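Contents: one structure, followed by commentary.
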Amino acid sequence: MLLAPGVPHLELFLLFGSIHILFFLCAIENNSMAKKGILLVNLGTPDSPSVKDVRKYLREFLMDERVIDIPFLSRWFLVNVIIATFRSPKSAKEYQKLWDERGSPLKYYGEDLTEAVQQQLGNDYQVELAMRYQNPSIREGLDKLKKAGINHIKVIPLFPQYASASNGSVVQKVMEIVSSWQVVPKIDFEGPFFDHPKLLEAIAQNAKIWMDEHDYDHFLFSYHGLPERQILKAEISTCQLGDCCNSCHSQNRYCYRAQCFETTRLMTKKLGLPEDKVSTAFQSRLGKDPWIKPYTDEVLTELAKAGHKKVLAFSPAFVADCLETTFEVGQTYKEDFLALGGERWDLVESLNVHPSWIDCVCELAKS
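The numbering used here puts the first residue of the sequence shown at 751, with every later residue one more than the last.
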């Protein structure tokens, strides 16, 4: 049976059109599958500054065996009976002062960072934010990347210096979650990145804002502390919790204390600071066991006794404003220093969404 003139051409056109559409759909699917997933993970924050939510946050945070590394029963009693009961009301009052119209700075700066990184990286990446404790959870972030069909995920713990209680805990949690997946994607972990040029540049630019306006006679770099036992448990052969941190090299690169001192040295050089006007110290110790030294509260006392009047403080272990920076370093230590005779105490703000910090995270994502 002969077809009317033009019909074969129409069939051929439809055939090639169908093939074209099929290839187009396959291209879309392949493009989605080729996307790289980026999971940015910070420590976490309560869902609200209420005592109930603060208590919930503290329980999850402090029950982490990498944070308080003592036997389970002792940890459970310490956290649930003592800390969560008596510390929560006091911490809730501090969080209420920290909270603003957008909520917790650590969380909304994380959201802003995620949005900025996504915009800069473009459609070849899918960027998600997660918190090690509370919300948005690591599980939620991973599930979003899983549902998007992404088969290569890079996890970036937002802690410049590596520690088992921070980076290590994030790695462990991610692996616990994906271990139950039928198909486990390729997963990379980033860090530490305390010596990344873009990170150092962002800190320096924030510091110069203060240095251009005031003359300081001392510069204090205060890092979050850790129990000495956690440093020693890392089995770093060169670790002596002393002068061994005067340099950072391949053998001690994963020693948290050594990384902190190296961060100070790098920033001292970048800002052109006199070495005799720079100190490194560690804050936020808990309990009676020895923590890494020197302690920030003792150092500021020594600075006041030595006649220093104007101090510019840094918190390079944190990438976003939070309770430990805004209140512990920015307010509590300031009040203590002024009470000891000091005249000025200023805190360099955290990286938050500084353009160089955004560039740093994008470079980490692409590496």
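C-beta: ideal position from N, C-alpha, C; glycine also.
Bear in mind the structure is a predicted one, so any value in this text is a computation, not a measurement.
Would you check if the distance between the CB atom of residue i and the CB atom of residue j is smaller than 9 Å?
{"i": "E1052", "j": "S1065", "result": "no"}
{"i": "L1021", "j": "M961", "result": "yes"}
{"i": "L793", "j": "F971", "result": "no"}
{"i": "M814", "j": "Y807", "result": "Residue identity differs from the one stated: residue 814 is Asp in this sequence, not Met. In this structure, Y807 does not lie closer than 9 Å to D814 by Cβ."}
{"i": "V1061", "j": "G1092", "result": "yes"}
{"i": "L871", "j": "A1054", "result": "no"}
{"i": "L892", "j": "V933", "result": "no"}
{"i": "E1078", "j": "S1034", "result": "yes"}
How many whole angstroms separate the CB atoms of residue i and residue j, which I take to be in contact at a CB cut-off of 8 Å?
{"i": "I1124", "j": "R825", "result": "The requested residue 1124 does not occur in the structure, where the chain is confined to residues 751 to 1117."}
{"i": "L1101", "j": "A952", "result": "5 Å"}
{"i": "V1097", "j": "A1063", "result": "Here residue 1097 turns out to be Leu, not Val, going by the sequence shown. Right, the Cβ-Cβ distance comes to about 5 Å (below 8 Å), so this counts as a contact."}
{"i": "L1129", "j": "L879", "result": "Because the chain spans 751 through 1117 in this model, residue 1129 falls outside it and cannot be assessed."}
{"i": "S800", "j": "A842", "result": "6 Å"}
{"i": "P907", "j": "V920", "result": "4 Å"}
{"i": "P1040", "j": "E978", "result": "5 Å"}
{"i": "K904", "j": "K786", "result": "7 Å"}
{"i": "Y973", "j": "C1005", "result": "Contact doesn't hold; Cβ gap of about 13 Å is too wide."}
{"i": "R1003", "j": "I1042", "result": "Not really, about 16 Å apart at Cβ, beyond 8 Å."}
Thinking just about the alpha-carbon of each residue, which of the options is nearest to the one in residue i?
{"i": "D993", "options": "Q980, L976, E1012", "result": "E1012"}
{"i": "S930", "options": "K896, I906, P947, V905", "result": "K896"}
{"i": "K1038", "options": "E851, L976, Y1004", "result": "L976"}
{"i": "H968", "options": "K1027, I937, L892", "result": "K1027"}
{"i": "V1111", "options": "E1085, H946, I832, Y858", "result": "H946"}
{"i": "Y834", "options": "D1109, D803, D862", "result": "It should be pointed out that residue 834 corresponds to Ala in this sequence rather than to Tyr. Residue D803 is the option with its Cα nearest to A834."}
{"i": "A915", "options": "P935, I937, Y883", "result": "Y883"}
Is DSSP giving residue i helix, strand or coil here?
{"i": "D803", "result": "helix"}
{"i": "P855", "result": "helix"}
{"i": "R1007", "result": "helix"}
{"i": "D962", "result": "coil"}
{"i": "Y845", "result": "helix"}
{"i": "G992", "result": "coil"}
{"i": "S887", "result": "strand"}
{"i": "Q981", "result": "First, the residue type needs correcting, since residue 981 is Ile and not Gln in the sequence shown. Reduced to three states, the DSSP call for I981 is helix."}
{"i": "S1106", "result": "helix"}
{"i": "Q876", "result": "strand"}
{"i": "Y973", "result": "strand"}
{"i": "V921", "result": "helix"}
{"i": "T1082", "result": "helix"}
{"i": "D1096", "result": "strand"}
{"i": "V905", "result": "strand"}
For chain B, find out if any of its Cβ atoms is closer than 9 Å to the Cβ of residue i; answer yes or no.
{"i": "A880", "result": "Structure shown: chain B not included; a single protein chain is present."}
Identify every run of the alpha helix (DSSP H) within the segment 1016-1061, keeping only runs that are complete inside it and at least 4 residues long; order them along the chain.
1046-1055
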